Structures are given as C-alpha cells and as structure tokens.
Amino acid sequence: MHAETTGTLRRDAIGLREALFQSITAMAPAATVAAGAVVLLVLMRHHPERIAETARVHAEELDRAGHRQDGTVPR
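Just so you know, numbering that gives the first Met the number 0 puts 30 at position 31 of the sequence shown, and the rest follows in order with no gaps.
What follows is the structure, given as structure tokens:
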C-alpha cells in the first residue's frame, strides 16, 4: 500500500545550509542586474562625456563591406 501524503515537508528535511544556498542562487541573477544598473548610473553621473563617446556609433563611417553602421542603405 502507498502511504498517504500530506503535501508538507518532513521536519528537518532540509537544513539551514541548503535553504541558504537555494535562496542565494535564486537571488543572484537579480542582484547582478541591480549591481550593473548601479554601476552604470554612477558612471553616467560622474563621466557623462565618456558614456556619450562610448555609446556613440560611428554613423558616418563605412565598414569594409561598404555598409553604413547606422542601419541605413546608401543610395
């Protein structure tokens, strides 16, 4: 015969180490995104000219194949 399940964990089925590991691994991606956003905001506040220069696409230059870098097609 099969034992009836109650849908709950047994007492002490997982320990603090396992629960802490699961919590950290579940939160890690969100923490990484948040930390990256903070770093970007700090850099934007302290060095706006460098961010603008880094983000600028050289729209006027052509690549070796002759395609424009701004997504348009020259006529």
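For every residue, glycine included, the Cβ atom is placed at its ideal position computed from N, Cα and C.
In this text the structure is predicted, and so the values were computed from the model without any measurement.
Length of the line joining the Cα atoms of residue i and residue j
i	j	result
L39	T31	12 Å
R131	A18	The chain is shown only over 0 to 74; residue 131 falls outside these bounds and no answer can be derived.
A58	H45	Confidence at A58 is low in this model, with a pLDDT of 47, below 50, so the placement of that residue should be treated as unreliable; the coordinate-derived value is given next. Cα-Cα distance, rounded: 26 Å.
A33	T7	34 Å
A29	I23	10 Å
A12	Q21	14 Å
Distance cut-off 7 Å: residue i Cβ against heavy atoms of the ligand MN
i	result
H45	What this structure holds is no ligand at all, so the ligand MN is not there to describe.
Span of the alpha helix (DSSP H), counted from its first residue to its last, around residue i
i	result
I13	Per DSSP, I13 belongs to no alpha helix (DSSP H) and is neither H nor E.
Contacts around residue i, its chain only, beta-carbon distance under 7 Å, and the 5 residues preceding and following it disregarded
i	result
I50	L42 and M43
Spatial neighbours of residue i in its chain, beta-carbon cut-off 8 Å, leaving aside the 5 residues before and after
i	result
T5	none
V37	none
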